[in-house]
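*Asks:* One structure coming up, written as structure tokens, with questions to follow.
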Amino acid sequence: MKHSAAAAPEPGAAPDGAPVIAIDGPTASGKGEIARRVAARLGWHYLDSGALYRVTALAALRAGIALDDEEALARLARELPVTFAGARIELGGQDVSAEIRRQEVGSAASQVATIGAVREALGGLQRSFRRPPGLVADGRDMATVLFPDAHLKVFLTASLECRAERRHKQLIEKGFSANIPSLLQELSERDARDSNRALAPLRSAQGALVIDSTQMTIEKVLESIVQEHHRRNG
Ligand code: CDP
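Following this line, the structure appears as structure tokens:
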């Protein structure tokens, strides 16, 4: 988990009453970048929950575990040798921060994320990031399942075309090959899988601030979330 503070908390640490800003939304909606910047602005911790599903998927791909082998995947998630140091994510001591961003790993992540035992195994670790002075968490089920008492819930979206363009730019910048037509198809498949699954499907939580960022700059989105946070906290 990327973390705005120096050290990541111990897995399994009891959650406390620290405030949470939960930011959910579909793939490539800009959640990660926005959540990281909101956390930096407030000096809060940051949880990139998708990274955990991506690391689990990468470990499965490397071990040759089939993406529908629920038992093996659950065991893998429970024993995942993952560590987070600032923005660096390690799997078994190896830096995998860049590799987990590959499109095929994202796609595999959305398949392992449909398995209840995997979600359960990763849930405790995600909750352990809730520490004072506060947590900004991004994912699919931050507001609906992991932190239903979050004091601010944001549902961040953008048009499919806009998200495909953003993801294309991001992948090219990271040195991966990508093209818009296949990204359009891949993102819409992932939207469907994440929204239609039985467990923790992607949906806007009740009372969430819904932001469609299609026509907005990152700065504008950031400001509206920070303003709403201050408004709610007097
Ligand atoms: O970066 P992108 O938005 O494409 O994906 P991500 O946030 O890194 O998440 C990868 C996949 O993990 C998603 O497509 C979801 O299926 C799954 N995921 C989830 O089920 N629950 C979360 N809280 C976060 C991610």
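Once you know that position 26 of the sequence shown is 26 in the working numbering, the rest is easy, because the numbers rise by one and skip nothing.
All C-beta atoms, glycine included, are put in the ideal place defined by N, C-alpha and C.
Note that the structure is a prediction, hence the values are computed from the model and not measured.
For Val-136 versus Arg-197, is the C-beta spacing smaller than 9 Å?
*Replies:* Contact: no.
*Asks:* Would you say Ala-66 and Val-118 are within 9 Å of each other, going by their C-beta atoms?
*Replies:* The answer is no: Cβ separation not under 9 Å.
*Asks:* At a threshold of 8 Å, does Asp-140 count as lining the ligand CDP (C-beta to nearest heavy atom)?
*Replies:* Checking the sequence, you will find Arg at residue 140 rather than Asp. Answer for Arg-140: yes, Cβ within range of the ligand CDP.
*Asks:* Among Glu-186, Gly-106, Val-55 and Pro-181, which has the Cα closest to the Cα of Val-82?
*Replies:* Comparing Cα positions, the closest option is Val-55.
*Asks:* Which residues bound the beta strand (DSSP E) around Gly-50?
*Replies:* Per DSSP, Gly-50 belongs to no beta strand (DSSP E); it is in the alpha helix (DSSP H), 49-63.
*Asks:* By how many angstroms is the C-alpha of Ala-51 removed from the C-alpha of Gly-106?
*Replies:* So the alpha carbons of these two residues sit roughly 9 Å apart.
*Asks:* Roughly how many angstroms separate the alpha carbons of Ser-224 and Gly-134, rounded to a whole number?
*Replies:* For Ser-224 and Gly-134, the distance between alpha carbons rounds to 18 Å.
*Asks:* Just how far apart, CA to CA, sit His-230 and Leu-152?
*Replies:* Taking the straight line from one Cα to the other gives about 10 Å.
*Asks:* Can you tell me the Cα-Cα spacing of Asp-95 and Ile-89, whole angstroms?
*Replies:* So the two alpha carbons sit approximately 6 Å from each other.
*Asks:* I'd like to confirm the pairing. Which residues does DSSP put opposite Phe-147 in its beta bridges?
*Replies:* Paired residue(s): none; Phe-147 is not in a bridge.
*Asks:* Let me know the secondary structure DSSP gives Arg-130 once reduced to three states.
*Replies:* In this structure, Arg-130 counts as coil in the three-state DSSP scheme.
*Asks:* To the nearest whole angstrom, what separates the beta carbons of Ile-218 and Gly-32, a pair I think is in contact under 8 Å?
*Replies:* With a Cβ gap of about 11 Å, Ile-218 and Gly-32 do not count as contacting.
*Asks:* Within 8 Å: the Cβ of Ala-164 and any heavy atom of the ligand CDP?
*Replies:* No - the ligand CDP has no heavy atom lying nearer than 8 Å to the Cβ of Ala-164.
*Asks:* Please give the ranges of any alpha helix (DSSP H) in the stretch 59-108, keeping only runs that are unbroken, at least 4 residues long and fully inside the region.
*Replies:* Complete alpha helix (DSSP H) runs here, min 4: 70-78.
*Asks:* Assign Val-210 to one of two classes, buried (16 or more other C-beta atoms within 10 Å of its C-beta) or exposed (fewer than that).
*Replies:* Per the 10 Å Cβ criterion, exposed.
*Asks:* Helix, strand or coil, according to DSSP, for Asp-24 in the structure here?
*Replies:* In the structure shown, Asp-24 sits in a strand (DSSP, three-state: E or B).
*Asks:* Return the first residue and the last residue of the beta strand (DSSP E) that Asp-138 is part of.
*Replies:* Run containing Asp-138: 135-139, per the beta strand (DSSP E) assignment.
*Asks:* Would you call the CB atoms of Gly-25 and Val-145 closer than 9 Å?
*Replies:* No, the Cβ-Cβ distance between Gly-25 and Val-145 is not below 9 Å.
*Asks:* With respect to 8 Å, is the separation between the Cβ of Thr-27 and the closest non-hydrogen atom of the ligand CDP below this value?
*Replies:* Flag set: Cβ of Thr-27 near the ligand CDP.
*Asks:* Quick one: residues in its chain with C-beta nearer than 7 Å to the C-beta of Pro-19, no 5 flanking neighbours on either side, listed in chain order?
*Replies:* Same-chain partners within the cutoff: Gly-134 and His-151.
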